[in-house]
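Enquirer: Numbering-wise, the sequence shown is residues 118 to 212 according to the numbering used here. From the three backbone atoms N, C-alpha and C, an ideal C-beta is built for every residue, glycine too. Remember, predicted model here, so these are calculated numbers, not experimental data.
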Amino acid sequence: MRIVSRKALREAAAKHSEWSASLNAWYKIAEHADWKNFAEVRSSWRNSDIVGRFVVFDISHNRCRLIASIKYRWRMVYIRRILSHAEYDEKEWQK
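(1) To the nearest angstrom, report how far apart LYS124 and GLU148 are at their CA atoms.
(2) Using only alpha-carbon positions, find the residue among PHE171, TYR144, ARG170, VAL168 that is nearest to SER161.
(3) Touching or not, the region 195-202 and the region 150-160, by the rule of three or more beta carbon pairs under 8 Å?
(4) Specify the secondary structure class of ARG170 as computed by DSSP and reduced to three states.
(5) State the start and end residues of the unbroken beta strand (DSSP E) segment that holds ALA185.
(6) Would you check if the distance between the CB atom of VAL168 and the CB atom of SER186 is smaller than 9 Å?
(7) Relative to the C-alpha of SER177, which candidate in SER201, PHE155, VAL121 has its C-alpha closest?
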């Protein structure tokens, strides 16, 4: 898959160094994946859910949420937000 907004990953890892290894692991899995649907996403990253039009990945032992829009047809993953669990629970990102 092609990952759009790798900058978001770098910024989140710089701000929260404890997420760095897990974000890097997610990136490597996503980059080498060829997801055609959500079932394939779930088989690669078990802790993922569909929330509205986004796929939400639980990262770093549920401390971090990576919110992405996936265009399966074009093999594109657009990172929308990377939030802490507390920020995610506020649900401001859904507005």
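Expert: Straight from the coordinates:
(1) 15 Å
(2) TYR144
(3) no
(4) coil
(5) 181-188
(6) No, these two residues do not count as a Cβ contact at 9 Å.
(7) SER201
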